[in-house]
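So in numbering that gives the first Met the number 0, spot 51 of the sequence shown is number 50, and the numbers just go up one at a time.
Backbone N, C-alpha and C define an ideal beta-carbon position, used for all residues, glycine too.
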Amino acid sequence: MLKLLLLVLFSAASLQAITTHGQPYDYLQYVLQWQKTKCLKVGRRCTPRLQPYEEFTTHGLWPTNLSKMLTCKSASKFSSTMLQNNASLLSKMENSWPNLEQRVAQGKGNNMWFWAMEYEKHGTCAKFSSQNTYLSKACDLWEENKIKEIFEHHKIIPRNATPYKDVLLMNAIQMETRSSPLLLCHRINGDYLLWEVVLCYDDTAKKRMNCSDQSARQTNCGTDIYYK
Ligand SMILES: *[C@@H]1O[C@H](CO)[C@@H](O)[C@H](O)[C@H]1NC(C)=O
Ligand SMILES: *[C@@H]1O[C@H](CO)[C@@H](O)[C@H](O)[C@H]1NC(C)=O
Ligand SMILES: *[C@@H]1O[C@H](CO)[C@@H](O)[C@H](O)[C@H]1NC(C)=O
């Protein structure tokens with residue numbers, strides 16, 4: 000009997016170890032996406048009319064290792080109730096981290112579905128004390144990194160006819176954030192369209208890092224990049 004009780008206690012303890020936040024990783028990628036390009040990528044599944052559309056919004060905040068992308072192996076689940084209990088956070092999430100791709104099978108709760116997917120895949124092993132602290136950090140990072148405005152300061156505005164040089168886009172962000180970003184593109188008819196801007200941070204998102212020093216992910220853009 001005692002043996003059985005100990006066994007039960009022991010199993011409960013090891014289950015908790017699996018669900019603990021904070022598996023080791025080297026840095027965080029804060030990933031922003033240019034909504035218009037994402038919409039071109041997903042076509043009619045895009046949900047732009049609900050969104051700002053000509054704006055960079057959060058794609059995710061991803062624990063990453065120098066040599067590889069990571070997927071969390073935690074058993075923790077996203078709690079929509081926990082998020083809904085904080086109305087101010089929920090409203091920031093809707094503004095800065097909208098889902099842009101309609102998933103018919105998942106019904107209408109698109110944002111919640113997207114946040115659950117991002118949290119369970121990337122957030123559960125990040126070094127934050129709770130789900131809401133993790134989500135809240137991503138909202139803060141969005142406030143601190145207004146890429147569209149940074150581009151505007153450097154006279155880089157969306158335009159259809161002519162691409163921008165990659166170094167021009169890189170330098171604008173580098174000058175204002177004092178760290179080098181990573182740019183990712185979506186290729187349409189041979190043209191590179193700016194899709195994602197990645198900003199790198201240390202594992203708790205307190206200090207910026209140069210994405211160029213990291214090798215887990217590399218740019219897939221050419222030297223001529225359309226920002227439109
Ligand atoms: C990621 O890197 C850390 C050390 O920086 C290491 O402890 C951990 O095992 C690595 N994770 C994976 C999944 O490779
Ligand atoms: C709700 O979220 C905000 C961030 O938007 C945070 O500053 C605040 O502490 C949270 N409130 C509670 C009660 O957790
Ligand atoms: C990024 O690299 C540049 C040039 O090597 C360096 O001056 C800068 O301090 C680095 N920034 C960070 C945040 O490490």
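9 angstroms Cβ cutoff met for residue i and residue j
i	j	result
L192	K227	yes
N94	A215	no
N98	F113	yes
L82	N131	yes
T218	C184	yes
H228	C71	Absent from the structure is residue 228, since the part of the chain shown begins at 0 and ends at 227.
M92	L60	no
K67	W194	no
S73	E119	yes
E53	P180	no
D139	Y26	no
Q123	S75	Checking the sequence shown, residue 123 turns out to be Thr, not Gln. The answer is yes: Cβ separation under 9 angstroms.
A171	I149	yes
Integer Cβ distance of residue i from residue j, believed to fall under 8 angstroms
i	j	result
A125	P62	5 angstroms
L182	I224	7 angstroms
D165	T222	5 angstroms
Pick from the options that is closest to residue i, judged by C-alpha positions
i	options	result
N209	Q130, Q28, N159	Q28
K145	V30, Y26, P23, R44	V30
N110	D139, V196, C45	C45
T56	F77, S78, Q32, R207	Q32
R207	N188, R177, W194, R186	R177
R43	Y163, Q101, K164, K205	Q101
D190	K136, K40, Q34, P23	K40
N24	Q213, A86, F150	Reading off the sequence, residue 24 comes out as Tyr, not Asn. Closest option to Y24, Cα to Cα, is Q213.
E142	Q173, M169, W96	W96
Residues that residue i bridges to, as DSSP identifies them
i	result
T123	Bridge partners of T123: none, in fact.
T63	Y26, M68
C45	E100
E195	Q32, L183
Y200	L27, R207
I224	Y163, Y191
T132	Bridge partners of T132: none, in fact.
T57	L31
- Mind pulling the alpha helix (DSSP H) runs of 4 or more residues that sit fully within the segment 69-112? 79-83, 86-95
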